[in-house]
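Those sequence lines, one after another, are chains A and B.
Using this note's numbering, the first residue of the first sequence is number 1, and each one after it goes up by one.
Using this note's numbering, the first residue of the second sequence is number 21, and each one after it goes up by one.
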Amino acid sequence: SSSEADEMAAALEAELNHFM
Amino acid sequence: AASSGEVQLTEEAVRRYLSRKPMTTKDLLKKFQTKRTGLSSDATVNALAQLLKRLDPERKLIADKMHFFLKE
């Protein structure tokens with residue numbers, strides 16, 4: 001679903017912002 | 021349902037996509053949908069995070085959205 005995709009994108013961006 | 025393992029989430033695959041054009045995290049996630057890779061959502065997010073950290077792509081804001089891309 002698109003909401004799951006949104007959640008995954010948010011989780012991925014959080015991971016990356018943590019690092020970069 | 022699509023068979024799992026149809027698409028592989030690998031460094032080479034991510035590198036290939038990011039070399040072609042700038043992509044958002046959502047664009048990348050669409051390329052590696054869980055139903056196509058057979059991975060869980062968590063595994064997909066973790067794997068993409070690790071690969072992006074390793075590839076360290078350039079970042080660019082396009083239409084107010086962060087895009088990643090790799091220069092050849």
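No residue lacks a Cβ here, since even glycine has one placed at the ideal position from N, Cα and C.
Residue environment, residue i, which counts as buried when at least 16 other CB atoms sit within 10 Å
{"i": "THR30 of chain B", "result": "exposed"}
{"i": "LEU81 of chain B", "result": "exposed"}
{"i": "ALA69 of chain B", "result": "buried"}
{"i": "ALA9 of chain A", "result": "buried"}
{"i": "ALA83 of chain B", "result": "exposed"}
{"i": "ALA11 of chain A", "result": "buried"}
Residue i: contacting residues in chain A (beta-carbon distance under 7 Å)
{"i": "THR45 of chain B", "result": "ALA9, LEU12 and GLU13"}
When the options are compared against residue i, the one with the closest alpha-carbon
{"i": "SER3 of chain A", "options": "B:LYS50, B:ARG35 and B:GLN28", "result": "B:LYS50"}
{"i": "ASN17 of chain A", "options": "B:VAL34, B:THR64, B:LEU59 and B:LEU72", "result": "B:LEU72"}
{"i": "ASP76 of chain B", "options": "B:ASN66, B:PHE88 and B:VAL65", "result": "B:PHE88"}
Residues that DSSP places opposite residue i in a beta bridge
{"i": "MET43 of chain B", "result": "B:PHE88"}
Discussion item. Along the stretch 64-91 of chain B, where does the CB come closer than 7 Å to a CB of chain A? Name the residues.
Written reply: Answer in chain order: THR64, VAL65, LEU68, ALA69, LEU72 and LYS73.
Worksheet item: What residues in the stretch 48-61 of chain B bring their beta carbon closer than 9 Å to a beta carbon of chain A?
Response: So the list reads LEU48, LEU49, LYS50, GLN53, THR54 and SER61, given in the order they occur along the chain.
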